[in-house]
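Asker: Okay, here's the structure, questions in a sec.
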Amino acid sequence: MEDRKKYLEELLRKVHEAQRIYATFSQEQVDAVFHAAATAATAERIALAKIAVEETGMGIVEDKVIKNHFASEYVYNKYRHSKTCGVLEDDPVNGYREVAEPLGIVAGIVPTTNPTSTAIFKALLCLKTRNGIVFSPHPRARRSTFAAAEIIRQAAFRAGAPEHIVACIEEPSKELTQALMSHRLISLILATGGPDMVHAAYSSGTPAIGVGAGNTPVLIDATADIKMAVNSILLSKTFDNGMICASEQTVVVEESVADAVRREFILRGAYFTSEAETEALAATLFINGNLNSAVVGQSAPAIAAMAGLTVPEETKVLIAERGQIDASDPFAHEKLSPVLGFYRARDFAEAVRMGRELVFLGGAGHTSVLYTDETDSGHVAFFQDSMPTGRTLINMPASQGAIGDVYNFRVPPSLTLGCGSWGGNSVSENIGVKHLMNTKTIAARRENMLWFRVPPKIYFKQGCLQPALEEFLGRRRAVIITDSTMEKLGHVQSVLNVLDGMGVQFRIFAEVLPDPDLSTARRALEMVNDFKPDMFIALGGGSPMDAAKIIWLMYEVPDIRFEDVALRFMDIRKRVVSFPELGKKAVMVAIPTTSGTGSEVTPFAVITDDRTGVKYPVADYALTPDMAIVDPAFVMNMPSRLVAHAGLDVLTHAIEAYTSILANNFADGQAMEAIRLVFKYLRISYSGGKGQILAREKMHYAATIAGMAFANAFLGICHSLAHTLGSTFHLSHGLSNALMLSYVIEYNATDAPTKQGMLPQYKYPLVKGRYARIADMLHLADDLEGDDSEIRARKTARLVRAIESLKADTDIPASLREAGVPEQAFLSRLDDMAEQAFDDQCTVANPRYPLIAELKELYRKAYYGEPLVSLNGR
């Protein structure tokens, strides 16, 4: 054994050195070697067939000639233009490249049934993919496999390949094969053989592609072309005396045509055994529960003689009709010889059931065949869905059909047929060059495509309501979604006056609550479905606009599931649940009457399921209104408290949009302008006096401008924290944002966050610089020069001080406790709130990706009004 190990080590050393050189070959060089090897194998196909039959005593020379020819010519033709060296795909725009690399050395395990064709096939695949190969033949076929390997090795060498790129063990043994499979220099085992050999390959510790046993059932239904079916089966089953693993083993026939099928078999040279003959044949086929190797690859008359039967010399196939499938019956198993089991089925469904049962008796994953009228797509579909086989063939001989490229040109030509997990294999398809390459992916960082999406039309300036709505002349029915306050203030009547002039019928739903819920939305939907509007008008603050968007969605898509559309996403373009296109039934017009949410231009809406308490934040650009009418006339009488809260909401929208990881040049301008407007006009809008009318107008525009910014750049954790805070303690959204904003800015403004937000264009922590730019724009830091980290930190601190001063001037409480949140209730809900805030849709766009514990700490600081670091600086 020591000598054998030394022999194996030396053999592998030579192949290893050869493969290292061959791995450097260009595609042109490899293709020349591939062509030369295929040409040599084709030229020697007859000689190799003779050696195989002579040595093994199995099969038919003429058929082995075809197999050798197939293994060389068809495989060469299939892969001659395939790229297997260097760059396979290059996409510089997207920064993506795939490069082929060889595996190394392949251990080729070759069966006694196909000792030359399998060797040709595996050697050609390895040469095409720059791998070396070492064959381990079956001991009973060592000379024929060695001869095939030598023919290819010599041809490859003459074509420029290293001399020892192909090798074959001359004196194979079980022990040597196992040593080969587990050797450190073997990169892959390509195993064809019996179940024990394949199992050994998978158990070796080396990556392996093994193939399972075949036990191919053939179904003939009542619509089949019987002549074609029978003669195709005979063609396949007699080919090389049935030694191809995909060849038919059993025939299952619908009862209504079974006698006709039987007569056709007899007419074409098949022999049906009598009951006594069947028992004698069974005893010959299997001995002690195992296939008798003496029958493998023998002719039907020879097998009959072994069983003591007398059959005509011209008999092609022996067929035994069986009454039922029995796992102990040899005829229900793979026989590797021209012998078939024959079964009758009451109908097609039973035939398929029987076919499945036969497959699981030793052929799971391999091959199954159906003969049918192909226009009966129902039978084909039922068969394909029912059979657990990697190759499910329709109207073709199993042997030639499964190996590919003969009866269907899309099936890759192969003599190694994977059986997938059904058969305990790693691959379920025909093995080809792609299975023998490592594919290296080179991916360069690329920024995602971004977008800027807003309503197609945005009208603004006082008095724009009428000309804007008149853009929809021709619409016949409008539904106004609003709340009772809008009716009391006369805002609904302002809209109705315009609709009357347009001749538009209308309905009003004025029951929207401050926290819109599904029950209310469904009540509105009943009216909407009865009225069948072609226009929705959302009138009010954020709540009526949220409700209107949800009702519009339910009207357009009646079977919508909120638990699906409210699923969180990391990238809105890749979300699990896609939104349908809206607007097929009605357009959406949004008219804001508060200066805060920006909902009139955003794709966001929030709805609460009042039965479960679950709040569904819904986001998709399909929810973006078709028109926004930003008429300042609606906000001149806003209460001061609402002005303050809404104004701080606008400021938070703009700052978070500007510092989001999705911030972009198109949204930055809107964000900056909104920030400028808030600092210039919010105090006047809140306190009254000279200039308040202009200030209210400018703040109304600021809300919409900030809405456009965050609709496209999204928000951050200030909103995540505020959403949960507001829903837990019923604080207004703007107030919640105001109470958290400065703490969030200080939290984000670091050069070394615990975790950084994840997006290609967000290359490193840069949010401190963005806060500094806001301070520069507001002229808060004109005396600070430079752009180093310390200067940016000081500018950020001045921004925080400016925000705190604005909050103080608009009477925003200094803490959550001052805002009226009970301490015990806050502490009892703190853990849950931090987790909910973490799960909020806004969290993923924050520049500093938070830990739940960090969000909890931000809540704690805001509750107790813990001093801000920025207030102590210069």
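Just so we're aligned, residue 1 is where the sequence shown starts under the UniProt record's numbering, counting upward by one. The beta-carbon is built from N, C-alpha and C at its ideal position, and this holds for glycine as well.
For Ile560, which three-state DSSP category applies?
Answerer: For the purposes of this step, residue 560 is taken as the residue at position 560 of the sequence shown. Of the three classes helix, strand and coil, the one that applies to Ile560 here is coil, per DSSP.
Asker: What would DSSP say about Lys795, mapped onto helix, strand or coil?
Answerer: As a working note, residue 795 is residue 795 in the sequence shown. In the structure shown, Lys795 sits in a helix (DSSP, three-state: H, G or I).
Asker: For the region 444 to 511, list the beta strand (DSSP E) runs that are entirely contained and at least 3 residues long, ordered along the chain.
Answerer: Here the runs fully enclosed are 457 to 460, 477 to 481 and 505 to 509.
Asker: Tell me the residue span of the alpha helix (DSSP H) that contains Ala381.
Answerer: On the sequence shown, residue 381 is found 381 positions in, with the first residue counted as 1. Ser377 to Ser386 is the span of the alpha helix (DSSP H), which, as asked, contains Ala381.
Asker: According to DSSP, is Ala663 part of a helix, a strand, or is it coil?
Answerer: Sequence index remark: in the sequence shown, residue 663 carries index 663 (1-based). In the structure shown, Ala663 sits in coil (DSSP, three-state: anything other than H, G, I, E or B).
Asker: When the distance is taken between beta carbons, is Asp483 closer than 8 Å to Gly540?
Answerer: Your numbering for residue 540 matches position 540 in the sequence shown. Your numbering for residue 483 matches position 483 in the sequence shown. Asp483 is positioned such that its CB atom lies closer than 8 Å to that of Gly540.
Asker: Is Phe409 helix, strand or coil when you go by DSSP?
Answerer: Counting from one through the sequence shown, the residue named residue 409 turns up at place 409. In this structure, Phe409 counts as coil in the three-state DSSP scheme.
Asker: Pair every Cβ in the region 27 to 37 with every Cβ in the region 45 to 62, then say whether three or more of these pairs are closer than 8 Å.
Answerer: no
Asker: Relative to the alpha-carbon of Phe714, which residue among Ala845, Asp530, Leu816 and Arg792 has its alpha-carbon at the smallest distance?
Answerer: Mapped onto the sequence shown, residue 714 falls at position 714. Nearest C-alpha to Phe714: Ala845.
Asker: What would DSSP say about Lys440, mapped onto helix, strand or coil?
Answerer: On the sequence shown, position 440 is the one that residue 440 refers to. In this structure, Lys440 counts as strand in the three-state DSSP scheme.
Asker: Between Val75 and Leu124, is the Cβ-Cβ spacing less than 8 Å?
Answerer: The count along the sequence shown starts at 1 and reaches residue 75 at position 75. The count along the sequence shown starts at 1 and reaches residue 124 at position 124. Yes. Within cutoff.
Asker: Helix or strand or just coil, what does DSSP make of Asp609?
Answerer: Along the sequence shown, one-based indexing puts residue 609 at 609. Three-state result, Asp609: strand.
Asker: Could you round the C-beta distance between Ala674 and Val650 to whole angstroms and report it? I think they count as a contact, below 8 Å.
Answerer: In the sequence shown, counting from the first residue as 1, residue 674 sits at position 674. In the sequence shown, counting from the first residue as 1, residue 650 sits at position 650. About 6 Å; that satisfies the 8 Å criterion.
Asker: Thinking just about the alpha-carbon of each residue, which of Ala282, Val134, Gln756 and Asp809 is nearest to the one in Leu682?
Answerer: As a position in the sequence shown, residue 682 is number 682, starting the count at 1. Minimum Cα distance to Leu682 is reached at Asp809.
Asker: Output yes or no for whether 8 Å exceeds the beta carbon distance between Ala706 and Gln756.
Answerer: For the purposes of this step, residue 706 is taken as the residue at position 706 of the sequence shown. For the purposes of this step, residue 756 is taken as the residue at position 756 of the sequence shown. No, Cβ-Cβ distance for Ala706 and Gln756 is not below 8 Å.
Asker: Tell me the rounded alpha-carbon separation between Thr441 and Gln824.
Answerer: Here the question's residue 441 lines up with position 441 in the sequence shown. Here the question's residue 824 lines up with position 824 in the sequence shown. Those two C-alpha atoms are separated by around 55 Å.
Asker: Which one of Lys78, Tyr747, Ala43 and Gly57 has the shortest CA to CA distance from Asn68?
Answerer: Counted from its first residue, the sequence shown places residue 68 at position 68. When only C-alpha atoms are compared, the closest one is Ala43.
Asker: Hey, Ala119 and Ala156: beta-carbon distance below 8 Å or not?
Answerer: Taking the first residue of the sequence shown as position 1, residue 119 is located at position 119. Taking the first residue of the sequence shown as position 1, residue 156 is located at position 156. Taking 8 Å as the cut-off, the beta carbon of Ala119 is found no closer than this to the beta carbon of Ala156.
Asker: Use the C-beta contact count for Gly363: other C-beta atoms within 10 angstroms, 16 or more gives buried, fewer gives exposed.
Answerer: The residue you call residue 363 lines up with position 363 of the sequence shown. It counts as buried.
Asker: Within its chain, find whatever has a CB closer than 7 Å to the CB of Arg344; leave out the 5 residues flanking it on each side and keep chain order.
Answerer: For the purposes of this step, residue 344 is taken as the residue at position 344 of the sequence shown. Closer than 7 Å at Cβ, skipping near neighbours: Val253, Glu255 and Ala258.
Asker: Less than 8 Å between the C-beta atoms of Leu759 and Leu662, yes or no?
Answerer: Within the sequence shown, the letter at position 759 stands for residue 759. Within the sequence shown, the letter at position 662 stands for residue 662. Their beta carbons are under 8 Å apart, which means Leu759 touches Leu662 by this criterion.
Asker: Ignore the nearest five residues each way along the sequence and tell me which others in Asp513's own chain have a CB closer than 8 Å to its CB.
Answerer: In the sequence shown, counting from the first residue as 1, residue 513 sits at position 513. Contrary to the premise, residue 513 reads as Leu rather than Asp in this sequence. Cβ neighbours of Leu513 beyond the five flanking positions: Asp483, Thr520 and Ser543.
Asker: Assign Ala538 to one of three DSSP states: helix, strand, or coil.
Answerer: Mapped onto the sequence shown, residue 538 falls at position 538. Three-state result, Ala538: strand.
Asker: Mapping DSSP to helix, strand and coil, what is Ile133?
Answerer: In the sequence shown, counting from the first residue as 1, residue 133 sits at position 133. The answer is strand: DSSP assigns Ile133 an E or B state.
Asker: Along the chain, where does the beta strand (DSSP E) containing Ser368 start, and where does it finish?
Answerer: Within the sequence shown, numbered from 1, the residue matching residue 368 stands at position 368. Ser368 -> beta strand (DSSP E) spans Gly365 to Tyr371.
Asker: Short of 6 Å in beta carbon distance, which residues of its chain neighbour Val454, apart from the five on each side in sequence? Order them along the chain.
Answerer: As a position in the sequence shown, residue 454 is number 454, starting the count at 1. Taken in chain order, the residues that qualify are Val601 and Met708.
Asker: Would you be able to state if there are at least three C-beta pairs under 8 Å between the region 174 to 188 and the region 7 to 17?
Answerer: yes
Asker: Using three-state DSSP, classify Thr112 as helix, strand or coil.
Answerer: The count along the sequence shown starts at 1 and reaches residue 112 at position 112. Assigned with DSSP and collapsed to three states, Thr112 falls in coil, not helix or strand.
Asker: I want to check one thing, is the minimum distance from the CB of Leu436 to the heavy atoms of the ligand FAD below 7 Å?
Answerer: With respect to the ligand FAD, the structure offers nothing, as it holds no ligand at all.
Asker: Under the DSSP definition of a beta bridge, which residues are partnered with Met740?
Answerer: Start at 1 with the first residue of the sequence shown, and residue 740 comes out as number 740. Paired residues: none, contrary to the question.
Asker: Give every residue of the same chain whose Cβ lies closer than 6 Å to the Cβ of Arg262, excluding the five residues on either side of it in the sequence, and list them in chain order.
Answerer: Taking the first residue of the sequence shown as 1, we reach residue 262 at position 262. Closer than 6 Å at the Cβ level, and outside the excluded window around Arg262, lies no residue.
Asker: Start and end of the beta strand (DSSP E) containing Val87?
Answerer: Position 87 of the sequence shown, counted from the first residue, corresponds to residue 87. Looking at the DSSP string, the run of the beta strand (DSSP E) that includes Val87 is Gly86 to Asp91.
Asker: Which residues share a DSSP beta bridge with Asp517?
Answerer: Taking the first residue of the sequence shown as position 1, residue 517 is located at position 517. DSSP lists Thr608 as partners of Asp517.
Asker: Quick one: what does DSSP say Cys842 is sitting in, helix, strand or coil?
Answerer: Locating residue 842 in the sequence shown gives position 842, where the first residue counts as 1. Shown here, Cys842 sits in a helix according to DSSP, grouped into three states.
Asker: How is Ile431 classed by DSSP in three states: helix, strand or coil?
Answerer: Walking along the sequence shown from the start, residue 431 turns up at place 431. Residue state, collapsed to three classes: coil.
Asker: Distance, Cα to Cα, Ala590 vs Asp751?
Answerer: Counted from its first residue, the sequence shown places residue 590 at position 590. Counted from its first residue, the sequence shown places residue 751 at position 751. Cα to Cα, Ala590 sits roughly 41 Å from Asp751.
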